[in-house]
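S.K.: 68 is the number that the UniProt record's numbering gives to position 68 of the sequence shown; each next residue is one higher, with no gaps.
Ideal Cβ positions, reconstructed from N, Cα and C, are used throughout, including at glycine.
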Amino acid sequence: MGSIDIDDDTPLLEQGAQYTGDGSVHYRGGPALKKDTGNWRACPFILGNECCERLAFFGIATNIVTYLTTKLHEGNVSAANNVSIWLGTCYLTPLIGAVLADGYWGRYWTIAVFSMIYFIGMCTLTLSASLPALKPAECLGSVCPSATPAQFAVFYFGLYVFALGAGGVKACVPSFGADQFDVTDPEERAKKGSFFNWYYFSIYLGAIVSTSLVVWIQDNVGWGLGFGIPTLFMALSVVCFFIGTPLYRFQKPVGSPVTRICQVLCASVRKWKLVVPEDSSLLYEMPDKRSAVKGSRKLVHSNDLRCLDRAATVSDYESKSAAAVLEIMRLQLARDLDLVNEPVAVPLTGIGFLNMLVYVVAAKRYRQKKAC
Numbered sequence: 001m002g003s004i005d006i007d008d009d010t011p012l013l014e015q016g017a018q019y020t021g022d023g024s025v026h027y028r029g030g031p032a033l034k035k036d037t038g039n040w041r042a043c044p045f046i047l048g049n050e051c052c053e054r055l056a057f058f059g060i061a062t063n064i065v066t067y068l069t070t071k072l073h074e075g076n077v078s079a080a081n082n083v084s085i086w087l088g089t090c091y092l093t094p095l096i097g098a099v100l101a102d103g104y105w106g107r108y109w110t111i112a113v114f115s116m117i118y119f120i121g122m123c124t125l126t127l128s129a130s131l132p133a134l135k136p137a138e139c140l141g142s143v144c145p146s147a148t149p150a151q152f153a154v155f156y157f158g159l160y161v162f163a164l165g166a167g168g169v170k171a172c173v174p175s176f177g178a179d180q181f182d183v184t185d186p187e188e189r190a191k192k193g194s195f196f197n198w199y200y201f202s203i204y205l206g207a208i209v210s211t212s213l214v215v216w217i218q219d220n221v222g223w224g225l226g227f228g229i230p231t232l233f234m235a236l237s238v239v240c241f242f243i244g245t246p247l248y249r250f251q252k253p254v255g256s257p258v259t260r261i262c263q264v265l266c267a268s269v270r271k272w273k274l275v276v277p278e279d280s281s282l283l284y285e286m287p288d289k290r291s292a293v294k295g296s297r298k299l300v301h302s303n304d305l306r307c308l309d310r311a312a313t314v315s316d317y318e319s320k321s322a323a324a325v326l327e328i329m330r331l332q333l334a335r336d337l338d339l340v341n342e343p344v345a346v347p348l349t350g351i352g353f354l355n356m357l358v359y360v361v362a363a364k365r366y367r368q369k370k371a372c
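#1: Run through DSSP, which three-state label would residue 136 get?
#2: Any idea what DSSP makes of residue 161, helix, strand or coil?
#3: From what residue to what residue does the alpha helix (DSSP H) around residue 193 run?
#4: Does the segment 217-227 touch the segment 61-79, meaning 3 or more C-beta pairs lie closer than 8 Å?
#5: What's the C-alpha gap between residue 189 and residue 152?
#6: Taking residue 169 as the reference, give the member of 91, 207, 183, 138 with the closest Cα.
#7: Assuming contact is defined by CB atoms lying nearer than 8 Å, are residue 116 and residue 231 in contact in what I supplied?
#8: Please state if the CB of residue 180 and the CB of residue 23 are separated by a distance shorter than 8 Å.
#9: Buried or exposed: residue 17, going by 16 or more other Cβ atoms within 10 Å of its Cβ?
#10: Count the CB pairs spanning the segment 82-98 and the segment 118-133 that are closer than 8 Å, and state whether there are at least three.
#11: Output needed for residue 26: all residues of its chain with C-beta closer than 8 Å, excluding positions within five of it in sequence on either side, in chain order.
#12: To which residues does DSSP link residue 108 through a beta bridge?
#13: What would DSSP say about residue 348, mapped onto helix, strand or coil?
#14: Looking only at its own chain, which residues have a Cβ that is under 6 Å from the Cβ of residue 203, when we skip the five neighbours before and after it?
#15: Tell me, please, whether the CB atom of residue 204 is closer than 8 Å to any CB atom in chain C?
#16: Quick check on this structure: which residue in 46, 69, 56 has the alpha carbon closest to the alpha carbon of residue 212?
#17: What are the boundary residues of the alpha helix (DSSP H) that residue 90 is part of?
#18: Comparing alpha-carbon positions, which option in 95, 234, 208, 269 lies nearest residue 259?
#19: Which of the three DSSP states, helix, strand or coil, is assigned to residue 19?
#20: Can you give me the start and stop residues for the alpha helix (DSSP H) that residue 250 sits inside?
#21: Measuring CB to CB, does residue 166 end up less than 8 Å from residue 200?
#22: Would you check if the distance between the CB atom of residue 111 and the CB atom of residue 172 is smaller than 8 Å?
#23: How should residue 269 be labelled, buried or exposed, when 16 other C-beta atoms within 10 angstroms of its C-beta is the threshold for buried?
#24: Would you identify the three-state DSSP class for residue 214, choosing helix, strand or coil?
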């Protein structure tokens, strides 16, 4: 009988081993098969996407000051200042992409949407550098007509749309590549480090090509072609990314830590008058399954930044609110049963249900101390 049980269980174990253990799914939403999705079979499309995207980014960013001063006839100080602000924006917009990817859209759709935004921005820049109506006339001797407000508006619109798209893509591509390797499989987990070696190689390959060949074309051939080549590579980046869709593994959005950080900061400011208890066990905390972001480890409470513990300190108002919520639920339940003014005999078997009901309502917002 024992051998029969083993034989019956073996196919189930083998079938379970065919799927990833980290909860990833394929593009249709079902559990991801190891032999058909992810791993190195999906990485060439992600690496190709990153290489082309970086070539497009540096093809614009490297020489943008020269374009502003020589073609739009902007002053050196003003051009340098505007480019510095734009570069700062490029490194802030990844926060937007990260929040959307972690909490709402997932990494794949965030990359897809922001790649299209990226491409629209680059097309706008290319048109701005190519169409005579969107750029000022050439210099006549020492007289250089400045660009009109409309010409500046079109150019900077494309530049900041470009920054928004670049930020959304930059925030998600490395983590999406890491999603292609199952962390519960030791063999695949070891390959993840190798992926990041190739990932940074792709970045530098695109950067080298753009800062040498593309910049030379911009300076010696023309800005229309010099902006058109990065735009073409951005289109190639989008195509390369979408071609690999059937091979990707997808992680579902589980909530953004940035959102939780903002909630803690706001609650700490709102409760700045409260005294933080010395005993950390008195601080409110959600149940284990809801207190930590899925896929991340839970951090143990420490004495650092105790000012933020105010966010988890239960105020008198919140305690009274919890009691009020329970009272409203009791009256509503009684009203529905037409028992407001009638005594009710509760069987002993119903006590467990009432306790569970009270816990479900109260535990959503408040941590109750155990009764002595």
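M.R.: The short version:
#1: Position 136 of the sequence shown, counted from the start, is the residue given in the question as residue 136. Three-state DSSP puts residue 136 in coil, outside helix and strand.
#2: Here residue 161 is taken as the residue at index 161 of the sequence shown, counted from 1. Correct three-state label for residue 161: helix.
#3: Here residue 193 is taken as the residue at index 193 of the sequence shown, counted from 1. Residue 193 -> alpha helix (DSSP H) spans 186-209.
#4: yes
#5: In the sequence shown, the residue the question calls residue 189 occupies position 189. In the sequence shown, the residue the question calls residue 152 occupies position 152. Approximately 49 Å between the Cα atoms of the pair.
#6: Counting from one through the sequence shown, the residue named residue 169 turns up at place 169. If we check each option's Cα against that of residue 169, 91 comes out closest.
#7: By one-based count along the sequence shown, residue 116 stands at place 116. By one-based count along the sequence shown, residue 231 stands at place 231. For residue 116 and residue 231, no; Cβs fall outside 8 Å.
#8: If you number the sequence shown from 1, residue 23 lands on position 23. If you number the sequence shown from 1, residue 180 lands on position 180. No, the Cβ-Cβ distance between residue 23 and residue 180 is not below 8 Å.
#9: Position 17 of the sequence shown, counted from the start, is the residue given in the question as residue 17. Under this definition residue 17 is an exposed residue.
#10: no
#11: The sequence position of residue 26 within the sequence shown is 26, counting from 1. The answer, listed in chain order, is 32, 33, 36, 37, 246, 248, 249, 250.
#12: For the purposes of this step, residue 108 is taken as the residue at position 108 of the sequence shown. For residue 108, which the question treats as bridged, DSSP gives no partner whatsoever.
#13: On the sequence shown, residue 348 is found 348 positions in, with the first residue counted as 1. Caution applies to residue 348, whose pLDDT of 47 falls short of 50 and renders its modelled position unreliable; the value that the coordinates give is listed next. Of the three classes helix, strand and coil, the one that applies to residue 348 here is helix, per DSSP.
#14: Here the question's residue 203 lines up with position 203 in the sequence shown. Same-chain partners within the cutoff: 54.
#15: Looking for chain C here will not work: only one protein chain is present.
#16: Position 212 of the sequence shown, counted from the start, is the residue given in the question as residue 212. The option with the nearest alpha carbon to residue 212 is 56.
#17: The residue labelled residue 90 in the question sits at position 90 within the sequence shown. Element bounds for residue 90: 76-90.
#18: Working through the sequence shown from its first residue, we reach residue 259 at position 259. It is 95 whose Cα lies nearest to the Cα of residue 259.
#19: Working through the sequence shown from its first residue, we reach residue 19 at position 19. Strand, per DSSP.
#20: Counting from 1 along the sequence shown, the entry for residue 250 is found at position 250. Premise fails: residue 250 is in no alpha helix (DSSP H) and is neither H nor E.
#21: Within the sequence shown, residue 166 is the residue found at index 166, counting from 1. Within the sequence shown, residue 200 is the residue found at index 200, counting from 1. No. Outside cutoff.
#22: Here residue 111 refers to the residue found at position 111 of the sequence shown. Here residue 172 refers to the residue found at position 172 of the sequence shown. Their beta carbons are under 8 Å apart, which means residue 111 touches residue 172 by this criterion.
#23: What you label residue 269 is simply residue 269 of the sequence shown in a count that begins at 1. By the 10 Å Cβ count, residue 269 comes out exposed.
#24: Indexing the sequence shown from 1 puts residue 214 at position 214. It is helical.
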